[in-house]
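For the sequence shown, the residue numbers in full-length UniProt numbering are 1 to 97.
Yeah, the Cβ is synthetic: ideal placement off N, Cα and C, and Gly gets one too.
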Amino acid sequence: MGSLDRGVLTGFICRLCSEMHRVVLHIYGEEGIRLSISEKISRYLSINVSRSDPLPKTICKNCLERLEDQHRLVMVMEAAASVLKGQRSGKAQIKIK
Numbered sequence: 001m002g003s004l005d006r007g008v009l010t011g012f013i014c015r016l017c018s019e020m021h022r023v024v025l026h027i028y029g030e031e032g033i034r035l036s037i038s039e040k041i042s043r044y045l046s047i048n049v050s051r052s053d054p055l056p057k058t059i060c061k062n063c064l065e066r067l068e069d070q071h072r073l074v075m076v077m078e079a080a081a082s083v084l085k086g087q088r089s090g091k092a093q094i095k096i097k
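Okay, structure coming up:
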């Protein structure tokens with residue numbers, strides 16, 4: 001079985017949608033840490049997750065997929081903004097000369 005299988009737990013509540021799911025991923029498990037789940041939740045959803053809070057530390061497959069989609073979207077947007085800024089500063093230098 002793959003490494004994702006080692007981080008999967010069964011029969012827990014998702015931290016994001018608060019629904020009971022048969023299969024969830026532990027946010028602070030090996031796979032959850034590798035995927036930086038807590039950091040992504042904090043960055044994209046403005047939800048603070050910590051090991052010491054009393055709320056669930058698991059995330060369901062659907063919420064994980066949505067979180068990863070959001071992460072990919074933001075990465076594309078940040079890369080595009082960087083390219084556009086580079087092009088803009090390059091044009092500004094040409095105009096000055």
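C14 to G86, Cα distance in whole Å? Between the C-alpha atoms of C14 and G86 there is a straight-line separation of about 41 angstroms.
Compare the C-alpha of L25 against each of T58, A81, E68 and name the closest. If we check each option's Cα against that of L25, T58 comes out closest.
Spatial neighbours of R51 within its chain, please: CB distance less than 8 angstroms, with the 5 preceding and 5 following residues excluded, ordered by chain position. Excluding positions up to five away in sequence, the list reads Y28, K57.
Please state the DSSP three-state secondary structure of V24. Three-state DSSP puts V24 in a strand.
Which of helix, strand or coil DSSP assigns to I37: The three-state reading of DSSP puts I37 in helix, counting H, G and I together.
Short check: CB of C60 to CB of V23, under 9 angstroms? Contact flag set, yes.
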